[in-house]
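From first to last, the protein sequence lines are chains H and E.
In terms of this note's numbering, the first sequence is residues 1 to 301.
In terms of this note's numbering, the second sequence is residues 302 to 671.
Cβ atoms here follow ideal geometry from the backbone N, Cα and C, with glycine treated the same way.
Small disclaimer: the values here were computed from a predicted structure and weren't measured.
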Amino acid sequence: MDIFLQQIINGLVVGSIYALIALGYTMVYGIMQLINFAHGEIVMIGAMVTITCINLLIGAGINLPGPLLLLAGLLMAIPVSMLLGFAIERIAYRPLRRAPRLAPLITAIGVSIVLQQAAMLIWGRNYRPFPAILPTEVHDFFGAAITDLQVAIVVLALLLMGGLFFLIERTKLGRAMRATSQNPEVAGLMGVNINTIISMTFMIGSALGAMAGVMVAANYDQAHAYMGSLIGLKAFTAAVLGGIGNLAGAVVGGILLGLIESMCAGYLSSSYKDVFAFVVLIGVLVFRPSGLLGERVADRA
Amino acid sequence: MAIDFLKTPRQRLAVYIALAVVLAVLPWALGGLFENGKSWLRAVDFALLYIMLALGLNIVVGYTGLLDLGYIAFYAVGAYTYALLNSPHLQAMLPVWMMHPPFVVMIILAAFMAGLFGVLLGTPTLKLRGDYLAIVTLGFGEIIRICLNNLDHPINITNGPQGLNGISKVHLFGLDFGKPIQWLGLTFDVAHSYYYLILAFCALIIFVTLRLQQSRIGRAWVAIREDEIAANAMGINTRNIKLLAFAMGASFGGVSGALFASFQGFVSPESFVLMESVMVLCMVVLGGMGNIPGVILGAILVSITPELLRDAINPLQSAVFGRRVFDPENLRMLIFGLAMITIMLLRPEGLWPSRRRKLEIHEHEEEATA
Chain H
1 MDIFLQQIIN
11 GLVVGSIYAL
21 IALGYTMVYG
31 IMQLINFAHG
41 EIVMIGAMVT
51 ITCINLLIGA
61 GINLPGPLLL
71 LAGLLMAIPV
81 SMLLGFAIER
91 IAYRPLRRAP
101 RLAPLITAIG
111 VSIVLQQAAM
121 LIWGRNYRPF
131 PAILPTEVHD
141 FFGAAITDLQ
151 VAIVVLALLL
161 MGGLFFLIER
171 TKLGRAMRAT
181 SQNPEVAGLM
191 GVNINTIISM
201 TFMIGSALGA
211 MAGVMVAANY
221 DQAHAYMGSL
231 IGLKAFTAAV
241 LGGIGNLAGA
251 VVGGILLGLI
261 ESMCAGYLSS
271 SYKDVFAFVV
281 LIGVLVFRPS
291 GLLGERVADR
301 A
Chain E
302 MAIDFLKTPR
312 QRLAVYIALA
322 VVLAVLPWAL
332 GGLFENGKSW
342 LRAVDFALLY
352 IMLALGLNIV
362 VGYTGLLDLG
372 YIAFYAVGAY
382 TYALLNSPHL
392 QAMLPVWMMH
402 PPFVVMIILA
412 AFMAGLFGVL
422 LGTPTLKLRG
432 DYLAIVTLGF
442 GEIIRICLNN
452 LDHPINITNG
462 PQGLNGISKV
472 HLFGLDFGKP
482 IQWLGLTFDV
492 AHSYYYLILA
502 FCALIIFVTL
512 RLQQSRIGRA
522 WVAIREDEIA
532 ANAMGINTRN
542 IKLLAFAMGA
552 SFGGVSGALF
562 ASFQGFVSPE
572 SFVLMESVMV
582 LCMVVLGGMG
592 NIPGVILGAI
602 LVSITPELLR
612 DAINPLQSAV
622 FGRRVFDPEN
632 LRMLIFGLAM
642 ITIMLLRPEG
652 LWPSRRRKLE
662 IHEHEEEATA
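In structure tokens, the structure reads:
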């Protein structure tokens, strides 16, 4: 029983991180019908910048409590990743908006390689340990172990998702975003500046991605330059599972994927953990391409 | 592959003969011209293997327009098929008649296995296009790699991350390619004899691709790329033709993989990572999707660049900084990434496009600006 509960907890933690990243994919897809392959790399850069920043602060002899140090790191990482998201859209996607579908996909892959290799040049090819600034106390929860960090990740992720939903559903910006995703031309005629909206979408998605990156790094106690591609792929799977372009779908898909993965790792085999995620992806695309909550069909070229 | 400036058949013949002579003496020229001719020859051998891969991927991406990001999996299937039957690893488990089959049988088997995996990937993804397909193929490639990495327990099939060692070299016409061969007073080292072997297969694959391009099937592929619904309406069985594209492209990868395994003498899952798929894609995109000479050019550029970088960047770095600051491997990938972006932005048809593709893309642009 406690293994079951433990895997549920692990799954929820990982799943809420996936959900945060999946939101970034799904927002961009909803507006531009484009898979932003570089999103995983933004997650990675968010984690790396935060770690570097915290290490710098500690090195400078500033002894703040752990969470404050983390906050300082995040305050640095979020603008960096937002800027990156903005630049990527501006350089690699905007000129190709009317090009054949294959073109932006290939630039997206190119951008992702460039970011990954640039990160390797800056931070080296080794694992970066996450600085030990957070409490590592383990609580007993009905026979399963749970840490403050895990609780914090889930709560923060839920808060961020709530904030995003409020933004999309209740604010003027959100209304403009929804309009753009339904029909960019008509939204433009109604006085929405589409370019600004698309840039904003990329920046919001990147900010969420950077926070998710820090959560990943803190959860696994490490980060490295290659971490982006796998986590990006998983999050994309989550977005497809829930129905791409659908925000609630991304959240449901993310948490579900996290649970599936940790259950498979716990009960079947942990070395095939990543295979299960891909099998889920292929299964969803074959049997229900619109995802669990989606209405769109996959057959768009 | 009509090259514009070669109008008459005689001119064309002359160029082909010149090309053949250059290719025939290339290994000796490399040995004579460069101090490290041996390592250059190895690089050329690998470039030839990549040309086969790029031509295989070109069928799927270039002709049929299906973006495949897991192509290296077929290379892996070919390589592991060869490796399992030609290394001491499974000797105890398999019956004797299965071990060390004749080379021709082996190549056909590798092509068949890879083709089978191609169909296996193609069947569930028939309905998908564009970015969805890209993601699924990427996942498929990773599944194959993870399986190769983990199939060492409970039964040890692939020997896991350590990979397979001691793969025997090719035996053909009573010659052992693993030892220097004396012929006409020349000594053919391993890299030399493999150069000619791989070159022969490369020529075969180029020939097959050329014939396919002109055939009913080739035209059907292009038709599917242009408009699948219209192609269907014209009486093309899109399902079978797409599966054929996957199988055909995969089987080229399988042949290349088998040659790779025997040349290298060692395979491990590390050779089949996602980056390799991306590199092959990069070759096709840079060279010019759907154009055979373009794809060959792309493959040569992408696979030779690291060698050039290693010879040029490292001395330069130590001269400027006094030590090695940048890893040439990183720089190479960085350059490829930038090249992919720049090419797509400035010259989406590739460096050497087919005339048809070029017209299509520029037609799109005119529509967009009009």
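- Within 10 angstroms of its Cβ, does W329/E collect 16 or more other Cβ (buried), or is it exposed? exposed
query = Residues of chain H with CB under 9 angstroms from V378/E, in chain order?
reply = Within chain H, no residue comes near V378/E; the closest Cβ sits about 16 angstroms away, beyond 9 angstroms.
query: In three-state DSSP terms, what is P129/H?
result: strand
Applying a beta-carbon distance threshold of less than 7 angstroms, which residues of chain H neighbour N631/E?
Q117, M120 and L121
message = Is the separation between the beta-carbon of G110/H and that of G442/E shorter than 9 angstroms?
response = no
Check your understanding: What is the rounded straight-line gap between the Cα of L358/E and the Cα of G519/E?
Key -> 14 angstroms
Using beta carbons (cut-off 9 angstroms, strictly below), is T50/H in contact with chain E? no
- Below 8 angstroms on the Cβ atoms is my guess for N631/E versus Y272/H; work out the distance and round it to an integer in Å. So it is not a contact: roughly 31 angstroms between Cβ atoms.
- Cβ-Cβ distance between A412/E and A562/E below 9 angstroms: no
key: Same chain, Cβ closer than 8 angstroms to R633/E, five either side skipped, listed in chain order   = T606, P607 and L610
* So who's on the other strand from V138/H, going by DSSP bridges? -> T147/H
At what residue ranges does the region 13-99 of chain H contain a whole run of the alpha helix (DSSP H), taking only runs of 4 or more? 39-59 and 66-88
I'd like to check one pair, I9/H with A144/H: are the Cβ atoms closer than 9 angstroms?
yes
query = How would you list, in chain order, the residues of chain E whose beta-carbon sits under 8 angstroms from the beta-carbon of A19/H?
reply = Within chain E, no residue comes near A19/H; the closest Cβ sits about 18 angstroms away, beyond 8 angstroms.
Subject >> For D628/E, the first and last residue of its enclosing alpha helix (DSSP H) >> reply: Here D628/E belongs to no alpha helix (DSSP H), and DSSP marks it neither H nor E.
Margin query: For a contact defined as C-beta to C-beta under 9 angstroms, what are the partners of E577/E on chain H?
Written below: Chain H residues near E577/E: none, gap ~12 angstroms exceeds 9 angstroms.
- Message: Given this structure, state the Cα-to-Cα distance separating N183/H from N195/H, to the nearest angstrom.
- Response: 13 angstroms
Span of the alpha helix (DSSP H), counted from its first residue to its last, around S655/E | Per DSSP, S655/E belongs to no alpha helix (DSSP H) and is neither H nor E.
Check your understanding: Residues of chain H with CB under 7 angstroms from G554/E, in chain order?
Key -> Correct list: empty, because the minimum Cβ distance to chain H is about 19 angstroms.
Mind checking who W398/E pairs with in its DSSP beta bridge? Looking at the DSSP assignment, W398/E forms no beta bridge with any residue, so it has no partner.
Where does Q392/E fall in DSSP's three states?
-> coil
DSSP on V568/E, reduced to helix/strand/coil? strand
Using a 10 Å radius around the Cβ and a threshold of 16 neighbouring Cβ atoms, would you call Q514/E buried or exposed?
buried
Proximity to Q7/H [Cα-Cα], best of R288/H, M203/H, A207/H and I260/H = I260/H
**Asked** Would P131/H count as contacting chain E if we go by Cβ distances under 9 angstroms?
**Response** no
A77/H and I122/H closer than 9 angstroms at C-beta: no
Practice item. Look up Q222/H in the DSSP assignment and give the residues it is bridged to. Key: P129/H
| said: Can you pull the chain H neighbours of N538/E, defined as C-beta to C-beta under 9 angstroms? | reply: The premise fails here: N538/E is roughly 18 angstroms from chain H at the closest Cβ pair, so nothing lies under 9 angstroms.
| said: Less than 9 angstroms between CB atoms is the rule here; does L96/H satisfy it with respect to chain C? | reply: The chain inventory of the structure shown lacks chain C, comprising the protein chains H and E.
inquiry  = So for L465/E, helix, strand or coil by DSSP?
reply    = strand
Practice item. Please look up how many angstroms separate the CB atoms of G254/H and A22/H, rounded, as I've assumed it's under 8 angstroms. Key: 5 angstroms
**Q.** Residues in the region 434-449 of chain E having any Cβ partner in chain H nearer than 8 angstroms
**A.** A435, I436, V437, L439, G440, F441, E443, I444, I447 and C448
Worksheet entry | Segments assigned alpha helix (DSSP H), at least 4 residues, entirely inside the region 162-249 of chain H | 172-182, 184-189, 194-220 and 227-242
* Do you know how far the Cα of P100/H is from the Cα of V509/E? -> 29 angstroms
**Message:** Can you give me the C-alpha to C-alpha distance between A671/E and A207/H, rounded to a whole angstrom?
**Reply:** For A671/E, the predicted structure reports a pLDDT of 39, less than 50, and the residue's modelled location is therefore unreliable. A value from the coordinates is still provided. If I take the Cα positions, the gap works out to 37 angstroms.
Subject >> Of the residues R648/E, I447/E, N592/E and G599/E, the one placed nearest M584/E, counting alpha carbons only >> reply: G599/E
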